[in-house]
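Residue numbers (the working numbering), protein chains in the order written: chain C, 1 to 147; chain F, 148 to 294.
All C-beta atoms in this analysis are idealised placements derived from N, C-alpha and C, irrespective of residue type, glycine included.
Computed from a predicted model, the values in this text were never measured in an experiment.
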DNA sequence: TAAAAATAGATTGTATGCAATCTAATTATT
DNA sequence: AATAATTAGATTGCATACAATCTATTTTTA
C-alpha cells in the first residue's frame, strides 16, 4: 500500500472526524449546564429556534435543525410533556402541526442565558478564530454535494 | 430582553450548532459510500484506527475515538460478527481486551480507499481552508475546559 | 373531476452515544 | 497479607439520529 493511501486513511487526517469529535466534546460540556434546566442538548437547540420564531411548523424546525420527523416527533412530545411547548393541528392544512411555546417555555428563555455564557468561557477561542471557524463551517455545509 | 441576549441566543450564532450540523451532514454523505461495504460510520472510524495500529486495547480505541465502552462494546461485537476483527482477552492483565483485525478486516483497507476519495470530492474546500479548519478544530478541542 | 403525485408527520427498526452502575481483576495502602 | 482504591470492560437506561415505511391530506394532472 502506497504512502499516499496510508496517509489518506489516517484518522487524524479526516475532516469528518475532527468535526465529529469536536462537536461531541462540546455537546458533552453542555450536559451539566442543561441538566440544571432539565433539558437535553437537542431540546435546547429546538428551543433556541422557537425563541427566535414562535409558532412554526415541525417541518420548518426540521429544516433549521437538520432533523427529521423521526427525531423531532418524540422530542417535541417530550417538550410538550414538560410543559414547555404545545402542538397545534388547527391550520387550514391539517397535515401540518404548529409548535407554540407555553408561558413556561417563554420564561425559560430568560433564565437560560447563563448557558451560552458558561460555554463561551469553556471554548477558549478569540473573536477572530471564532468568526473564521464559523465561516469555514458554513462554507463546508454550503459546498456539500450529493443529494 | 436586551439586544445582546437576543443575539447570544440565536441558533446561527452558536458554534456548537455549526459543528453539530456540519458533522451530521458530512456523516450523512458517508452513508451511501459505506453501505457498499456494509459498515456504518462509527465502524468505519474504528477500523481507521485499527488499520493504523492493529492489536490495541478497547481503552485505547475509546481514547482515540472519544467513545466509551457503552458505545464500543456493542460496536466491536458487531464488527466481530461481521468477521472483520477478533477480540482477545489473553493478556497478563485479564481485565483488558485486545482488538485484532482478521484477514478480511485487513483486506477491507485496500478496497475502502474509494471512500475518502469520494468524500474529498463532496467536501469542496481548497487545501488552505482545509488545513485552517483542521487547525481551528484542534485548537477548540485542546482548549476545552470543564472535566 | 377522478386518479396520480406530492406532502406533513407519525411510526418502526437499527445504530449510536453516554451517564451510571456492575463485575472481575489489579494495585496501592496500611 | 488483608483491605481499600482503581481500573477495564460489560450492562442498563434514556435520548438521539435517520432511513424506510405508513397514513391522512392536499395538489397536480390527465
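- Separation of residue 224 of chain F and residue 64 of chain C (C-alpha to C-alpha, rounded to the nearest whole angstrom) is 36 Å.
- Within the DSSP secondary-structure output, residue 246 of chain F pairs in a beta bridge with F:203, F:234.
- Per DSSP, residue 66 of chain C is not a residue of any alpha helix (DSSP H), being assigned neither H nor E.
- One finds nothing in chain F with a Cβ atom closer than 9 Å to the Cβ of residue 37 of chain C; even the nearest lies about 13 Å away.
- In the structure shown, residue 187 of chain F adopts coil according to DSSP, grouped into three states.
- Residue 160 of chain F and residue 154 of chain F have their C-alpha atoms spaced approximately 7 Å apart.
- Residue 261 of chain F has a beta carbon lying at 7 Å or more from every beta carbon in chain C.
- For chain C, the residues of the segment 264-286 of chain F that bring a beta carbon within less than 8 Å of one of its beta carbons are 264, 266, 268, 269, 270, 271, 272, 276, 277, 279, 280, 281, 283, 284, 285, 286, in chain order.
- Apart from sequence neighbours up to five positions away, no residue of its chain approaches residue 285 of chain F with a beta-carbon distance below 7 Å.
- Relative to the Cα of residue 121 of chain C, the nearest Cα in the group F:162, F:149, F:203, F:158 belongs to F:162.
- Judged by DSSP in its simplified three-state form, residue 182 of chain F adopts helix.
- Neighbourhood of residue 45 of chain C in chain F, by CB distance below 7 Å: 158, 164, in chain order.
- Against residue 48 of chain C, the close residues of chain F are 156, 157, 158, 161, 164, in the order they occur along the chain (beta-carbon pairs closer than 9 Å).
- The alpha-carbon of residue 235 of chain F is positioned some 23 Å away from that of residue 187 of chain F.
- At a C-beta separation below 7 Å, residue 23 of chain C has these neighbours in chain F: 166, 167, 170.
- In the three-state reduction of the DSSP assignment, residue 220 of chain F falls in the helix class, which pools H, G and I.
- With respect to the C-alpha of residue 156 of chain F, the residue from C:102, C:10, C:111, C:20 having the closest C-alpha is C:111.
- Cβ contact annotation for residue 54 of chain C (same chain, cutoff 7 Å, sequence separation greater than five): 100, 101, in chain order.
- Interface annotation, residue 245 of chain F: not in contact with chain C, CB-CB separation never under 7 Å.
- Of all alpha-carbon atoms in F:193, F:230, F:152, the one lying nearest the alpha-carbon of residue 216 of chain F is that of F:193.
- Membership of residue 281 of chain F in the alpha helix (DSSP H) is indicated by the continuous run 274-290.
- Exposed is the label assigned to residue 290 of chain F, since fewer than 16 other Cβ atoms lie within 10 Å of its Cβ.
- Bounds of the alpha helix (DSSP H) holding residue 151 of chain F are 150-155.
- Annotation: residue 191 of chain F to residue 42 of chain C spans about 25 Å, alpha carbon to alpha carbon.
- Counting of Cβ neighbours within 10 angstroms places residue 263 of chain F among the buried residues, the total reaching 16 or more.
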